[in-house]
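Last residue of the sequence shown: 194 in numbering that gives the first Met the number 0, with the numbers rising by one and none dropped. Beta carbons are placed, not taken as given, at the ideal position from N, Cα and C, and that holds for glycine. Here's the structure, in structure tokens; my notes come after.
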Amino acid sequence: MDGDGILVSHDEFAALFQRSAQVLWCLAAAVLGRPKDADDVLQESALIALKKLDDLRDQDGFEAWMGQIVRYTALNARRKADRRPPVVGDAGSDDCVLDRVAAPEDAPAPVVTAGGDLLPSQVAFDDQVLDALRDLAETARACLLMKTVMELDYKHIARVLGIAEGTAMSHVHRARSRMRAALSAEGLDAGRVAS
């Protein structure tokens, strides 16, 4: 804290934000259900957070504090997008959750383990996986993506989302179960599911 009562300086905020940016981006993409607007949500959230910087009382709580700002900003952006009429021919309107890791056209078919995890060689999700992800509740999707894609531990996920660690574990477990059921219902054969 400096003489003006500011607990976190702008430079400290920038460093904390930079360290948490990937997790916060993942949260924004999970809430939105697509990454197309996640960068914009993250930037808008940073601006909001800078205006509210004096509300941050503890640097250790930065990710939880920032996570709530990102979550609410993403929810507002999603509501706005849902009210907006679709644009005919808008190629970017159906982005996948992880299009930052776009698969080449000749990439092999995606493989998901029996536990619901992607194999390390997996570069993108296919349409069946995307549809199953979109059908998950926002918090479950965020927990699953943070655990599976970001490889965060449950304590970290819980801190970012402001939920109990056991709740994060339950969300991941139920989301994996729903994903398995949805992919099985879509006819994902045993040859494409690794154990």
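- Ranked by Cα distance from R158, the options A63, S183, D134 and T72 are led by A63.
- DSSP, read as helix, strand or coil, puts G161 in coil.
- The count of Cβ pairs closer than 8 Å, one atom from the segment 173–187 and one from the segment 40–52, stays below three, leaving the stretches out of contact.
- Below 8 Å, too few C-beta pairs join the segment 131–148 and the segment 4–16 to call them touching: fewer than three.
- Judged by DSSP in its simplified three-state form, R56 adopts coil rather than helix or strand.
- Scanning its chain for C-beta atoms nearer than 7 Å, with the 5 sequence neighbours on each side dropped, one finds around A45 the residues F16, in chain order.
- When P84, H170, F61 and D126 are compared, the shortest CA-CA separation from R33 is found for D126.
- Scanning its chain for C-beta atoms nearer than 8 Å, with the 5 sequence neighbours on each side dropped, one finds around A131 the residues R177, M178, A181, L182 and E185, in chain order.
- By the CB criterion at 8 Å, A76 and L135 fall outside the cutoff.
- The beta carbons of A73 and V30 sit about 4 Å from each other, so the pair counts as a contact at 8 Å.
- In this structure, the straight-line span from the alpha carbon of A163 to that of F61 is close to 17 Å.
- Sequence-distant partners of K154 (beyond 5 residues in either direction) whose C-beta falls short of 7 Å from its own C-beta, in its chain, are E164.
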